[in-house]
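Add 1 to the 1-based position in the sequence shown for this note's numbering, that's all there is to it. A virtual CB, placed ideally from N, CA and C, is assigned to each residue, including glycine.
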Amino acid sequence: MIKNYQPTIFVVSGPSGVGKTTLVKRLLEEDDNLVFSISTTTRKPRSDERDGREYYFVSREEFERLKEEGVFAEYALVHGELYGTRKDLIDKELSSEKDVVLDIDVQGAAKIKSSYPNGVYVFIIPPDERVLSNRLHGREGRAGEDLNQRLERAESEMEHAGDYDYLVVNDNIEKSIALLRAIVSAERCRRERLWL
Ligand code: 5GP
């Protein structure tokens, strides 16, 4: 890591079904100085998921207790379940000189900006409606939402794209990964110069 480097957070967001999680996983595989911010959620683990790896899985009561303690930098209701980002966990990683990457929904990304105004905000855009529709098809939607409603929600979420520092059109995974890597490198260089 660069001497006198000031670690930061990379917030990766965008509409549901755009491929954020896949991109973030790939980015993490290749960068030892980047750690994943493990969110806390009330949703049930999928068969291949482990507590403390993809998420901290908690009951609604536990989530409410953590909320009252004020540990979350942001939380949101996604697909009828609660998801939250713990500020204490992020700050621990930042103080150990690691950059942190977050994978959160559009609502959460807007909220976390007040805690981390100097973070790097990246919005992932689907290449077109057909691709997004294919990706959303068969995915679990929010309670009571059909495919058209999910597409409408994705479209309204895309109106927030202009609030972000970077936009990445995810039409090809290798190209998107290369762009994300370039964003991380550029921001690291910028922070080095600011500090010296
Ligand atoms: P999944 O349950 O499929 O892993 O994630 C569902 C959605 O929740 C995704 O859009 C993901 O980006 C979002 N998400 C994951 N963790 C958090 C979080 O801590 N806060 C917010 N606001 N959204 C999150």
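Just measuring C-alpha positions, the residue of Lys114, Asn171 and Gly163 sitting nearest Lys88 is Lys114.
As computed with DSSP, Thr22 is found in no beta bridge at all.
Contact between the region 47-65 and the region 150-157 is absent: fewer than 3 CB-CB pairs across the two stretches fall below 8 Å.
Rounded to whole angstroms, Ser60 and Gln108 show a C-alpha spacing of 22 Å. As the crow flies, the alpha-carbon of Gly85 is around 14 Å from that of Val102. In the structure shown, Asp147 falls within a coil segment according to DSSP collapsed to helix, strand and coil. Boundaries around Val132 are those of the alpha helix (DSSP H), Glu130 to Leu137, since no beta strand (DSSP E) includes it. A distance criterion of 8 Å places the beta-carbon of Ala155 beyond contact range of the ligand 5GP, judged by its closest non-hydrogen atom.
Every residue with a CB closer than 5 Å to a heavy atom of the ligand 5GP is listed here in chain order: Ser17, Ser40, Ala77, Val79, Tyr84, Thr86, Asp104, Ile105, Asp106 and Gly109.
In this structure the region 28-41 does not lie against the region 127-141, because fewer than three pairs of beta carbons, one per stretch, are closer than 8 Å.
Contact check for Tyr6 against Glu193 passes: the beta carbons are separated by less than 9 Å. The beta carbons of Val185 and Ser177 sit no closer together than 9 Å. Under DSSP, Ile174 forms no beta bridge with any residue. For Ala77, the uninterrupted beta strand (DSSP E) segment begins and ends at Phe73 to Val79. Counting other Cβ atoms within 10 Å of its Cβ, Leu83 reaches 16 or more and is therefore classed as buried. A buried status is given to Asp100, since no fewer than 16 other beta-carbon atoms sit within 10 Å of its beta-carbon. Scanning the region 78-116 from its first residue to its last, the whole beta strand (DSSP E) runs of 3-plus residues come out as 82-87 and 100-104.
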